[in-house]
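Trainee: Sharing a structure here in structure tokens format.
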Amino acid sequence: MFELPYSVNLTDANTGQLVEAEIVELNRKLAKSKIDGQWWKIKAGRTTRSHEEDHHWQWLKVIGEQRTNLAYQAIAVQTPDQEVQGAATYFIDSLSRLEEGEGAVNLDRIATAPRNRPWLCEPPCFRGVGYCLLLSVVRHSYLLGLGGRVWLTSLPNQKTHDFYLARGFQVILEDEDGILDFEIPTSAARSWLDSEGYPI
């Protein structure tokens, strides 16, 4: 079963040391106090912040709109100081776009806290946040019997695209505006989970 919380390791970008964090359920209280009320209190200029595709996201509203949907999941990475270092939301009742007729998870949104983005804050506070979140979603898909399949629509950013490609995701659709959809097939998901020591 996919039980929360569970431990993951981040890297403290200042010391290079591993820091034990937890994947937790992202509830409305956390979204309001630790994301909407905290994330964008950084020294980066207003113009720089506005260039971030997720700058306008209101996580409390997003979670509230789906609170009665049993297929909707919201998770976060929380460090021992109780701060939320990243978050993701997803639907567990979707269909694969690569493997016809098979179930999949649809990753609705994923973001690291601005303080963990090296192009906004140098050095960032932690590294590995997005990696842990994405791996958690793939793991949940696998535990649900969906083969680890996860698909998503990516923000139009080459760094983001490269991140997904490096994890074994494949491009499944590109629209006229250059927006890409990605999916990780079962084979790549199993390989990734196996490399991280999860039983396959």
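All residue numbers for the sequence shown refer to the numbering used here, where the first residue is 19 and numbers rise by one.
Quick reminder that beta carbons are idealized off the backbone N, C-alpha and C, glycines included.
Return the residue from the list Pro23, Lys79, Ile110 that minimises the CA-CA distance to alanine 49.
Mentor: Here residue 49 refers to the residue found at position 31 of the sequence shown. Checking every option, the nearest Cα to that of alanine 49 belongs to Lys79.
Trainee: Taking the continuous beta strand (DSSP E) assigned at valine 112, which residues delimit it?
Mentor: Along the sequence shown, read from residue 1 onward, the residue named residue 112 stands at position 94. The question names valine, but residue 112 in the sequence shown is serine. Here the beta strand (DSSP E) through serine 112 covers 102-113.
Trainee: Could you work out which residue in Ala31, Pro23, Arg135, Leu36 is closest to valine 95 when comparing CA atoms only?
Mentor: Here residue 95 refers to the residue found at position 77 when the sequence shown is read from its first residue. Nearest option by C-alpha distance: Pro23.
Trainee: Could you tell me the distance, in whole angstroms, from the CA atom of serine 205 to the CA atom of glutamine 91?
Mentor: As a first step, residue 205 must be located in the sequence shown, where it is residue number 187. As a first step, residue 91 must be located in the sequence shown, where it is residue number 73. Answer to the nearest angstrom: the Cα atoms are 24 Å apart.
Trainee: What are the start and end residues of the alpha helix (DSSP H) that includes threonine 204?
Mentor: On the sequence shown, position 186 is the one that residue 204 refers to. Note, threonine 204: alpha helix (DSSP H), 204-213.
Trainee: Assuming tryptophan 169 contacts isoleucine 197 under a Cβ cut-off of 8 Å, what Cβ separation, rounded to an integer in Å, is found between them?
Mentor: Numbered from its first residue, the sequence shown carries residue 169 at position 151. Numbered from its first residue, the sequence shown carries residue 197 at position 179. Between isoleucine 197 and tryptophan 169 the Cβ distance is about 13 Å, and since that is not below 8 Å, they are no contact.
Trainee: For the region 119-163, list the alpha helix (DSSP H) runs that are entirely contained and at least 4 residues long, ordered along the chain.
Mentor: 147-161, all fully within the region 119-163.
Trainee: With distances taken between CB atoms, is the gap from glutamate 117 to proline 174 smaller than 9 Å?
Mentor: Within the sequence shown, the letter at position 99 stands for residue 117. Within the sequence shown, the letter at position 156 stands for residue 174. No.
Trainee: Alpha carbons only, please: which of Leu153, Ala31, Asp126 is nearest the one belonging to phenylalanine 20?
Mentor: Taking the sequence shown and counting its residues from 1, the one referred to as residue 20 is at position 2. The candidate whose alpha carbon is nearest that of phenylalanine 20 is Leu153.
Trainee: Mind pulling the alpha helix (DSSP H) runs of 4 or more residues that sit fully within the region 21-82?
Mentor: Segments of the alpha helix (DSSP H) lying fully in the region 21-82: 64-68.
Trainee: Quick check on this structure: which residue in Asn124, Ile60, Thr29 has the alpha carbon closest to the alpha carbon of glycine 166?
Mentor: The count along the sequence shown starts at 1 and reaches residue 166 at position 148. The shortest C-alpha separation from glycine 166 is found at Asn124.
Trainee: Taking the alpha carbon of histidine 158 as the reference point, which residue from Ser51, Ile53, Trp75, Ala207 has its own alpha carbon closest?
Mentor: Numbered from 1 along the sequence shown, position 140 holds the residue referred to as residue 158. Per the Cα distances, Ala207.
Trainee: Compute the distance between the beta-carbons of leucine 44 and threonine 97, then report whether it is under 9 Å.
Mentor: Start at 1 with the first residue of the sequence shown, and residue 44 comes out as number 26. Start at 1 with the first residue of the sequence shown, and residue 97 comes out as number 79. For leucine 44 and threonine 97, no; Cβs fall outside 9 Å.
Trainee: Here's a check: name, in chain order, each residue in its chain whose Cβ is nearer than 7 Å to the Cβ of glycine 215, leaving out the five neighbours to either side.
Mentor: Stepping through the sequence shown from its first residue, residue 215 is reached at position 197. For glycine 215, where only same-chain residues beyond five positions count, there are no Cβ hits under 7 Å.
Trainee: Distance check for phenylalanine 187 and glutamate 201, CA to CA, integer angstroms please.
Mentor: Counting from 1 along the sequence shown, the entry for residue 201 is found at position 183. Counting from 1 along the sequence shown, the entry for residue 187 is found at position 169. Glutamate 201 and phenylalanine 187: Cα-Cα distance of roughly 5 Å.
Trainee: Compare the Cα-Cα distances from leucine 162 to each of Asp180, Ile218, Arg145 and report the closest residue.
Mentor: Working through the sequence shown from its first residue, we reach residue 162 at position 144. Ranking the options by Cα distance to leucine 162, first place goes to Ile218.
Trainee: Could you tell me the distance, in whole angstroms, from the CA atom of asparagine 87 to the CA atom of aspartate 99?
Mentor: Stepping through the sequence shown from its first residue, residue 87 is reached at position 69. Stepping through the sequence shown from its first residue, residue 99 is reached at position 81. Asparagine 87 and aspartate 99: Cα-Cα distance of roughly 30 Å.
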